[in-house]
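Each residue of the sequence shown is one higher than the last, beginning at 21 in the numbering used here. Yeah, the Cβ is synthetic: ideal placement off N, Cα and C, and Gly gets one too. Reading through the structure tokens given below for one structure.
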Amino acid sequence: MSIRRELRQRDDVEVTILDALADRREEGMTVFELRSHVDVDIDELERGLANLKSDGLVDAESNGHRTVILVDDRAIPDEPVTEDASILDAILERLGL
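Here it is as structure tokens:
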């Protein structure tokens, strides 16, 4: 899964966090799981999560014995985004060709 194109202009750490969370959007990820997917130190991870939380793009949820971080639905595109589609492919699709 991928995140909305306009969110890809954020800080690289934040984009990597959102991508990882989007891949596990239903179950979320613990900080430890997230840290294994985002190859940065804990301070950078914390800073990225704080920025995303303040913008309402992630939230933490506790289910009793563990706390998971979930991506907000606004970060997920309505239609699947294909990373390898060219601009020409997108134009042709838009024109119905």
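Determine, using beta-carbon pairs with one atom in the stretch 54-68 and one in the stretch 105-114, whether at least three such pairs fall under 8 Å. Output reads no: the stretch 105-114 does not touch the stretch 54-68.
Excluding five sequence neighbours on each side, which residues of the same chain lie with their C-beta closer than 7 Å to the C-beta of methionine 49? Numbered from 1 along the sequence shown, position 29 holds the residue referred to as residue 49. Correct list, in chain order: Ala40, Leu41, Val88 and Ile89.
Glycine 68, buried or exposed, once every other Cβ within 10 Å from all chains shown has been counted against 16: Translated into positions along the sequence shown, residue 68 becomes position 48. Per the 10 Å Cβ criterion, buried.
Reducing DSSP to helix, strand and coil, say where leucine 90 ends up. For the purposes of this step, residue 90 is taken as residue 70 along the sequence shown, with counting starting at 1. Three-state DSSP puts leucine 90 in a strand.
Where does glutamate 46 land, buried or exposed, given buried means 16+ other C-beta within 10 angstroms? Translated into positions along the sequence shown, residue 46 becomes position 26. Glutamate 46 comes out exposed.
Which residue marks the beginning of the beta strand (DSSP E) containing serine 82, and which one marks its end? By 1-based counting over the sequence shown, the position of residue 82 is 62. Membership of serine 82 in the beta strand (DSSP E) is indicated by the continuous run 78-82.
Below 8 Å on the Cβ atoms is my contact criterion, and I expect leucine 72 with isoleucine 37 to pass it. Report the Cβ-Cβ distance as a whole number of Å. Numbered from 1 along the sequence shown, position 52 holds the residue referred to as residue 72. Numbered from 1 along the sequence shown, position 17 holds the residue referred to as residue 37. Contact flag correct, Cβ pair sits at about 6 Å.
Minimum C-alpha distance to leucine 27 - residue among Leu77, Val51 and Gly116: Taking the sequence shown and counting its residues from 1, the one referred to as residue 27 is at position 7. Measuring C-alpha to C-alpha distances from leucine 27 to each of Leu77, Val51 and Gly116 identifies Leu77 as the nearest.
Buried or exposed: leucine 54, going by 16 or more other Cβ atoms within 10 Å of its Cβ? Taking the first residue of the sequence shown as position 1, residue 54 is located at position 34. The residue in question, leucine 54, is buried, as its Cβ has 16 or more Cβ neighbours within 10 Å.
Enumerate, from N- to C-terminal direction, the unbroken alpha helix (DSSP H) stretches of 4 or more residues contained entirely within the stretch 23-83. Whole alpha helix (DSSP H) segments, 4+ residues: 32-43, 51-57 and 62-74.
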